[in-house]
Amino acid sequence: MGSPPVEPERLEREGPQHRVTLSDFYLGRYPVTQAQWRFVAGLPLVYRELNPDPAQFKGDDRPVEMISWFDALEFCDRLSQYTGRHYRLPTEAEWEYACRAGTTTPFHFGETLSSELANYGSSATYNGGPQGDCIDATTPVRHFAVSNRFGLCDMHGNVYDWCQDQWHDRYDGAPTDGSAWEDEEIEALVKGLVRGGAWNEPPRDCRSADRYLYESHSSSNYVGFRVACSAPRGLA
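And the structure:
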């Protein structure tokens, strides 16, 4: 987990690189869509009210955005109550493992990124890659007919994904079992984090190892989420 010191445009917050052992888990193939959000927002309240239509860029198959970390947790709680299974946000370690899908390059696509593969601020370039035309909005989750080796889409760009963990400046002292890195201090609750980049971000911020501090109470048209679920014991 984390980026090697030689990765172009690497930031100190991505290190030190370290080994993590994960338990089996499932992760949503796409970010949660607006249609999925509306359905779950109509389920019985658990802890907090949800706006059934918060997104700025409208479309049933576009990712939901303009939702806080606390909104995303409420979504997971309502979905868990409805299905009888425990849904949650992915931990930061789970997210990076899922994004990389066995790769060690800056992107699961390889050493660079292009606008034919992902929705990001493609007027900027990375590591000798091409410049592209910016879309300047989210795209439907099926817009790019590509995925990584795990079958996951939109891991680079479109919208950032909320993670379960609270923000830490570096990985010194991070869990090595894939669990969420959480603190008990009340002030830490405002320090959330997102992964994966977004439609308006340059390619360097869409790398597998990039991580970004974002306040848990905040919402934006470039931040969404996808759900995780721990696998049942005995899964082969």
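Heads up, the sequence shown is in my numbering, so the first residue is 342 and it goes up one at a time.
Don't be surprised by glycine CBs; every beta carbon is placed ideally from N, CA and C.
Note that the coordinates shown come from a computational prediction; the quantities given were computed from them, not determined experimentally.
Q: Please classify residue 412: does DSSP put it in a helix, a strand, or coil?
A: Against the sequence shown, residue 412 aligns to sequence position 71. Three-state result, residue 412: helix.
Q. Does the region 561-568 come close enough to the region 422-441 to have 3 or more Cβ pairs within less than 8 Å?
A. yes
Q | Among 491, 452, 557, nearest to residue 466 - alpha-carbon criterion | A | Numbered from its first residue, the sequence shown carries residue 466 at position 125. It is 452.
Q: Taking residue 383 as the reference, give the member of 351, 372, 370, 420 with the closest Cα.
A: By one-based count along the sequence shown, residue 383 stands at place 42. Answer by Cα proximity: 420.
Q: Assign residue 555 to one of two classes, buried (16 or more other C-beta atoms within 10 Å of its C-beta) or exposed (fewer than that).
A: Translated into positions along the sequence shown, residue 555 becomes position 214. Burial call: buried.
Q | Euclidean distance between Cα positions of residue 560 and residue 409 | A | Against the sequence shown, residue 560 aligns to sequence position 219. Against the sequence shown, residue 409 aligns to sequence position 68. Those two C-alpha atoms are separated by around 5 Å.
Q | Touching by the beta-carbon criterion (3+ pairs, under 8 Å), the region 506-518 and the region 361-369 | A | yes
Q) Which term fits residue 558, buried or exposed, when burial requires 16 or more other beta carbons within 10 angstroms of its beta carbon? A) If you number the sequence shown from 1, residue 558 lands on position 217. Under this definition residue 558 is an exposed residue.
Q) Contact check, residue 542 vs residue 473 under 8 Å by CB: the rounded distance? A) If you number the sequence shown from 1, residue 542 lands on position 201. If you number the sequence shown from 1, residue 473 lands on position 132. The Cβ separation is near 13 Å, so there is no contact.
(Q) Less than 7 Å between the beta carbons of residue 537 and residue 501, yes or no? (A) As a working mapping, residue 537 is identified with position 196 in the sequence shown. As a working mapping, residue 501 is identified with position 160 in the sequence shown. Going by C-beta atoms, residue 537 is nearer than 7 Å to residue 501.
Q: With a 10 Å radius around its C-beta and 16 neighbouring C-beta atoms as the bar for buried, classify residue 509 as buried or exposed.
A: Residue numbering aside, residue 509 sits at position 168 when the sequence shown is read from its first letter. Flag for residue 509 reads buried.
**Q.** Residue range of the unbroken alpha helix (DSSP H) whose run includes residue 441
**A.** On the sequence shown, position 100 is the one that residue 441 refers to. Looking at the DSSP string, the run of the alpha helix (DSSP H) that includes residue 441 is 433-441.
Q: Since I believe residue 570 is in contact with residue 367 (beta carbons under 8 Å), could you give me their beta-carbon distance rounded to a whole number of angstroms?
A: Taking the sequence shown and counting its residues from 1, one reaches residue 367 at position 26. Taking the sequence shown and counting its residues from 1, one reaches residue 570 at position 229. Residue 367 to residue 570, Cβ: 4 Å. Contact.
Q. Out of 498, 426, 387, 551, which has the shortest C-alpha to C-alpha gap to residue 346?
A. Here the question's residue 346 lines up with position 5 in the sequence shown. Nearest option by C-alpha distance: 551.
Q. Below 7 Å between beta carbons: does that hold for residue 468 and residue 498?
A. The residue given as residue 468 occupies position 127 in the sequence shown. The residue given as residue 498 occupies position 157 in the sequence shown. The answer is no: Cβ separation not under 7 Å.
Q | residue 571 - DSSP class collapsed to helix/strand/coil | A | Counted from its first residue, the sequence shown places residue 571 at position 230. Note: residue 571 maps to strand in three-state DSSP.
(Q) Is it buried or exposed, residue 365, if we count other Cβ atoms within 10 angstroms and call 16 or more buried? (A) Along the sequence shown, one-based indexing puts residue 365 at 24. Its Cβ having fewer than 16 others within 10 Å, residue 365 is exposed.
Q) What residues match up with residue 502 in a beta bridge as DSSP calls it? A) Position 161 of the sequence shown holds residue 502. Partner(s): 536, 565.
Q: Evaluate residue 427 with the Cβ neighbour count: other Cβ atoms within 10 Å of its Cβ, from every protein chain shown; 16 or more gives buried, anything less gives exposed.
A: Counted from its first residue, the sequence shown places residue 427 at position 86. So residue 427 ends up on the exposed side.
(Q) Along the chain, where does the alpha helix (DSSP H) containing residue 380 start, and where does it finish? (A) Your numbering for residue 380 matches position 39 in the sequence shown. Residue 380 -> alpha helix (DSSP H) spans 375-382.
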